[in-house]
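To keep things clear, I will list the structure first and then write my remarks on it.
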Amino acid sequence: MVRCIMQAYYRHLFALHFCGRTASVENPNPPPAVRLELGGGGGWRGYSSWPPEESSPLTLFLGAGGARHHSSQGSAAAGAAAGEEEVWSYVYDASDPTPSIGGPSFNGFNAGVKLMRPLEWRKDVLTFDLTPPLTEDVVVVGEVTANMLFSSDLPTADLLVKLCDVDSWGVSRNVAEGYVRLVLPDDTPTPVRVVMATAYKFKKGHRIRALLCSGAHPRIARNLGVTDKEWECVQGRKGIMRIHSAVGKMRSSMTLPICQGGFFDLELDQFGVPLAHPR
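If you read the sequence shown in the numbering used here, its first letter stands for residue 175, the second for the next number, and so on.
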């Protein structure tokens, strides 16, 4: 019985994905080119392309009237006046690297969505509330881009950016993340772009938060802070990492692809395959 069901299921998938199944009497609307399930309980959605053409960018700035920085104790840091540069810093220690919690990983016990509180309370982590509590649901689908003005007193450093969802109780969970390893000029603010992809529904009353740090050990090899003969380095260096709110006309920001329309609600057929119906 189980074998018959599985054979029917595989035939169904083959006809759907490889034989170009189109509209039929049972399903008058052909399936969309992209089918995905939104995180945050947003259900199945379908789009005509990836990234969705219906997405529109929303840029959120750090500091000076933009996102508010929170210290490891959870209190809001004092902001500079509009037009003034703010600098947030933390110390990265290669002998005590920032641990990896959640996100993409082959370690099933530490992969996926996790509580961010253990990270947010570390002194080598910065968090920024990009929005106040949302007044309506916000759907983010596509590539999230973090444009940061970053500097360090080390010749090389890492920057890891996490997009997080903070619920009405203040509990923060990871949504997406991106990572880059950099070779930097001496203590000079450098524009850094970190790109990540997501499909997520931020619910009404939640906040969107950015988490920044310089490690995800042991998933990402720790940066020892040296560029020459790294294989001979037995003890990593400790360095100061800085995020600058603005340098000249450039500002640190995060751009979210907001997708409020043009999508489908997808229902599942008897085999668990999403079917498209116009919303």
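Note that beta-carbon positions come from the ideal geometry of N, C-alpha and C, so glycine has one too.
| Check | Outcome |
| --- | --- |
| Going by alpha carbons, who is nearest to residue 329 out of 345, 360, 433? | 360 |
| Expressed to the nearest angstrom, what Euclidean distance is found between the alpha-carbon atoms of residue 302 and residue 317? | 19 Å |
| Does the count of Cβ pairs from the stretch 410-426 and the stretch 205-216 closer than 8 Å reach three? | no |
| Considering only their Cβ atoms, is the gap separating residue 335 from residue 374 smaller than 8 Å? | no |
| Between residue 266 and residue 389, is the Cβ-Cβ spacing less than 8 Å? | yes |
| Specify, as a first and last residue, the run of the beta strand (DSSP E) that residue 431 falls within. | 427-432 |
| Please report how far the alpha carbon of residue 225 lies from the alpha carbon of residue 327, in whole angstroms. | 37 Å |
| Count the other C-beta atoms from every protein chain shown that fall within 10 angstroms of the C-beta of residue 287, then say buried if there are 16 or more, exposed otherwise. | exposed |
| By the three-class DSSP mapping on this structure, what secondary structure does residue 231 have? | strand |
| Leaving aside the five residues before and after residue 285 along the sequence, list all residues of the same chain whose C-beta is less than 6 Å from its C-beta, in chain order. | 279 |
| How big is the Cα-Cα spacing for residue 386 and residue 229? | 25 Å |
| Is it the case that the Cβ atoms of residue 339 and residue 354 are separated by a distance below 8 Å? | no |
| Give me, in chain order, the residues of the same chain whose beta-carbon lies closer than 8 Å to that of residue 223; leave out the 5 immediate sequence neighbours on both sides. | 207, 208 |
| So the candidates are 296, 366, 362, 344; which of them puts its Cα closest to the Cα of residue 333? | 366 |
| Looking at the secondary structure, which residues open and close the alpha helix (DSSP H) in which residue 292 lies? | 291-294 |
| Determine the burial state of residue 272: buried for a count of at least 16 other Cβ atoms within 10 Å of its Cβ, exposed for fewer. | buried |
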